[in-house]
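If you read the sequence shown in the working numbering, its first letter stands for residue 401, the second for the next number, and so on. Taking it in order: structure first as structure tokens, then the write-up.
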Amino acid sequence: MYTEINQLIKIGLNKSQVARKMKISRPTLDKYLAMSPDEFDRYLYGLKERSKKPDPFEEDILCWLKEFPGISAAQIYDWLEERYKTLPFSEGTLRRYICILRQKYKIPKTTNSREYTAVDELPMGKQMQVDFGTIKVPKNTKGEIRLYVMCFVLSHSRYKYCEWQDRPFNTDDIIRIHENAFEFFGGVPEEAVYDQDHLILTSENHGDLIFTQAFSGYLQKRKFRVYMCRKADPESKGKVEKVVDYVKNNYARHRTFYNIDQWNEDCLSWIQRRGNGKVHGTTRKIPAEVFIEEKKYLRPVLNRIKLNTPALSLTYQVRKDNTVLIKGNRYTVPKGTYKGPHTYVKISYTDDNELIILELDTDKKLGQFKVPVDKGNLIRNNDHVRDKSRKVSVLIDQVAGRFSDSDKARIFMESIRLEKPRYIRDQVLLIQKAIMDAPLEVMDKALDFCVKNRLFRATDFQDAMNHFQKDKHVIDNTFDIKIPSLTQEKLEKIKVTPKIRDMSEYINALGGKQ
401 MYTEINQLIK
411 IGLNKSQVAR
421 KMKISRPTLD
431 KYLAMSPDEF
441 DRYLYGLKER
451 SKKPDPFEED
461 ILCWLKEFPG
471 ISAAQIYDWL
481 EERYKTLPFS
491 EGTLRRYICI
501 LRQKYKIPKT
511 TNSREYTAVD
521 ELPMGKQMQV
531 DFGTIKVPKN
541 TKGEIRLYVM
551 CFVLSHSRYK
561 YCEWQDRPFN
571 TDDIIRIHEN
581 AFEFFGGVPE
591 EAVYDQDHLI
601 LTSENHGDLI
611 FTQAFSGYLQ
621 KRKFRVYMCR
631 KADPESKGKV
641 EKVVDYVKNN
651 YARHRTFYNI
661 DQWNEDCLSW
671 IQRRGNGKVH
681 GTTRKIPAEV
691 FIEEKKYLRP
701 VLNRIKLNTP
711 ALSLTYQVRK
721 DNTVLIKGNR
731 YTVPKGTYKG
741 PHTYVKISYT
751 DDNELIILEL
761 DTDKKLGQFK
771 VPVDKGNLIR
781 NNDHVRDKSR
791 KVSVLIDQVA
801 GRFSDSDKAR
811 IFMESIRLEK
821 PRYIRDQVLL
831 IQKAIMDAPL
841 EVMDKALDFC
851 VKNRLFRATD
861 FQDAMNHFQK
871 DKHVIDNTFD
881 IKIPSLTQEK
891 LEKIKVTPKI
901 RDMSEYINAL
911 GGKQ
């Protein structure tokens, strides 16, 4: 071993490669490389001579190994504990000791390998295999997220479809994804092969399969035959087992997750390009080309199973612009639906292939849309578009009706619209505020003044209103002056006649002479 390790290092292998090839750990490799040839020989001699803790039990262990070559170290440790109660070594120590005994006495560990035989290719449209998988992938916001995938493959053409979720599947999810797969394939095969999954099968019942209530109802509508693998026998659907591994290891592993919609879209593009567009390793044919012919043998999907009940709905995230991305198209929802990054809605389909978007908690209908054939569209519901021109016209009519001459008022505001089309709503609202609780006389005067002087601005109208309001207030106050009546005492004072002096008194007072 020492010589071989040094030779591998000399030819350029790094330590990790050497450790894997020699089936030893990196610390052990470093320890061997630090030794000289003599030190390594002494080390090996010490290993042979040194006693080991499991040595007192060697006879029992060797007996079991010879009788049961495939027995595991864990089972031997368990048997020793049953016989001797306490053991002076760990299970790991026993595992290493058993490896030494197997090499020393040449007792290889036997495994019951399954024998396989090639099977004939199934006819076109005969069978579809279905399986599930899960994998952890890195998120764009750091950390990891566990994703769940459901894969389908047509057994003859090897044409594939898969769909992912960021939560475990339930029976309703399985039904919905089946519908998506049949829509993708353009038809339904005669038979589908599954594992004994609790979401599909309640009990095998000695061959009389008992399905879950929801899936049983779905089978009655779709009418395809189900083949269930026996317990602990998943290899009887090997085609889809390989598809699951292929998708997990070649698409998902090391790919950054942003959101489930983008993940599914990218995966579908990838599987069309790689899984369905490349030559298959077994058939040596391109699945997409073979599928063109196999599609003719699938039973057509005339109507999509109605999924507009809450139990058969799927949640989607609402974007900041109040749209929902569904299968490559954006659908609008009413303004204000988006309440933050955790805003979700659920969708369902009608028999007419129309998509319905519902509130997650209340099932309130947010919109109903025709599903387009192509992708990349913005599908807008007319209810979600505010008809500003119609609403402003209604507002103008309401405000004009407050004036004596509503036609003149309407023409005045339409003139404002021509000059300030972007701000017409704000202008009309300002006029509405100015005339609130105002006398009709003042309103009409302000309107006449603005029209006569071609002042087509709400602020000018507001100034005119303030001016005529003040004038009216002054006039009203003038006519409202109240003169108090005279009292009896004051009337008596009015009757008093002042004394009239002779002119000579004034002349004398001034020092003059008459």
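Idealized CB from N, CA, C, for every residue including glycine.
Asked: Quick one: what's got a C-beta closer than 8 Å to residue 720's C-beta in the same chain, skipping five residues either side?; Found: 738
Asked: With residue 838 and residue 849 assumed to form a contact (beta carbons below 8 Å), what rounded beta-carbon distance in angstroms separates them?; Found: Not a contact, Cβ separation roughly 14 Å.
Asked: Indicate the three-state DSSP secondary structure (helix, strand or coil) for residue 927 in the structure shown.; Found: A query on residue 927 cannot be resolved here, the shown segment of the chain reaching from 401 to 914 and no further.
Asked: Just grab the DSSP bridge partners of residue 723 for me.; Found: 732
Asked: Relative to the C-alpha of residue 558, which residue among 574, 678, 614, 572 is closest?; Found: 678
Asked: Within this structure, are the beta carbons of residue 589 and residue 685 separated by less than 8 Å?; Found: no
Asked: To the nearest angstrom, report how far apart residue 441 and residue 680 are at their CA atoms.; Found: 53 Å
Asked: Can you list, in chain order, the stretches of the alpha helix (DSSP H) that have 4 or more residues and sit fully within the stretch 814-857?; Found: 824-834, 840-852
Asked: Counting C-beta neighbours from all protein chains within 10 Å, is the total for residue 567 16 or more, i.e. buried, or is it exposed?; Found: exposed
Asked: Going by Cα to Cα distance, which pick from 715, 843, 404 is closest to residue 565?; Found: 715
Asked: List the endpoints of the continuous alpha helix (DSSP H) containing residue 404.; Found: 402-410
Asked: Is residue 641 near the ligand GDP, in the sense that its beta carbon is under 7 Å from a heavy atom of that ligand?; Found: What this structure holds is no ligand at all, so the ligand GDP is not there to describe.
Asked: Measuring CB atoms only, is the stretch 477-496 touching the stretch 535-551, in the sense that at least three cross pairs come out at less than 8 Å?; Found: no
Asked: Compute the Euclidean distance between the alpha carbons of residue 604 and residue 616, then round it to the nearest angstrom.; Found: Because residue 604 sits at a pLDDT of 44, beneath the cut-off of 50, its placement in the model cannot be relied upon, and the following sentence gives the value as read from the coordinates. Each residue's alpha carbon lies about 14 Å from the other.
Asked: Whole angstroms is fine: what's the gap from residue 832's alpha carbon to residue 802's?; Found: 9 Å
Asked: Express the C-alpha separation of residue 733 and residue 585 in angstroms, rounding to a whole number.; Found: 30 Å
Asked: Which term fits residue 773, buried or exposed, when burial requires 16 or more other beta carbons within 10 angstroms of its beta carbon?; Found: exposed
Asked: What is the DSSP secondary structure of residue 595, reduced to helix, strand or coil?; Found: coil
Asked: Compare the Cα-Cα distances from residue 443 to each of 543, 804, 418, 428 and report the closest residue.; Found: 428
Asked: Going by C-alpha distance, which of 781, 592, 759, 762 is nearest residue 768?; Found: 781
Asked: In three-state DSSP terms, what is residue 861?; Found: helix
Asked: Would you mind reading off the limits of the beta strand (DSSP E) that contains residue 565?; Found: 560-565
Asked: Buried or exposed for residue 561, going by 16 or more other Cβ atoms inside 10 Å?; Found: buried
Asked: Counting C-beta neighbours from all protein chains within 10 Å, is the total for residue 902 16 or more, i.e. buried, or is it exposed?; Found: exposed
Asked: Quick one: what's got a C-beta closer than 8 Å to residue 436's C-beta in the same chain, skipping five residues either side?; Found: none
Asked: Quick check: the stretch 491-504 against the stretch 534-546, are at least 3 beta-carbon pairs closer than 8 Å?; Found: no
Asked: Could you tell me the alpha carbon to alpha carbon distance between residue 403 and residue 472, rounded to whole angstroms?; Found: 32 Å
Asked: To the nearest angstrom, how far is the alpha carbon of residue 503 from that of residue 645?; Found: 35 Å
Asked: Just to confirm the assignment, what range does the alpha helix (DSSP H) spanning residue 499 have?; Found: 491-505
Asked: Spatial neighbours of residue 622 within its chain, please: CB distance less than 8 Å, with the 5 preceding and 5 following residues excluded, ordered by chain position.; Found: 578, 582, 588, 705
Asked: Given this structure, state the Cα-to-Cα distance separating residue 563 from residue 529, to the nearest angstrom.; Found: 14 Å
Asked: Out of 423, 425, 424, 433, which one is the CA nearest neighbour of residue 410?; Found: 433
Asked: Could you tell me the boundaries of the alpha helix (DSSP H) in which residue 694 lies?; Found: 687-694
Asked: By the DSSP assignment, the beta strand (DSSP E) with residue 915 in it spans what residues?; Found: Given that the chain is displayed from residue 401 to residue 914, the structure contains no residue 915 and the question cannot be resolved.
Asked: Take the Cβ of residue 859 as the centre, count every other Cβ of all protein chains shown within 10 Å, and call the residue buried at 16 or more, exposed below.; Found: exposed
Asked: Within the continuous beta strand (DSSP E) that includes residue 461, where are the two ends?; Found: First-last for residue 461: 458-467, but that is the alpha helix (DSSP H), not the beta strand (DSSP E).
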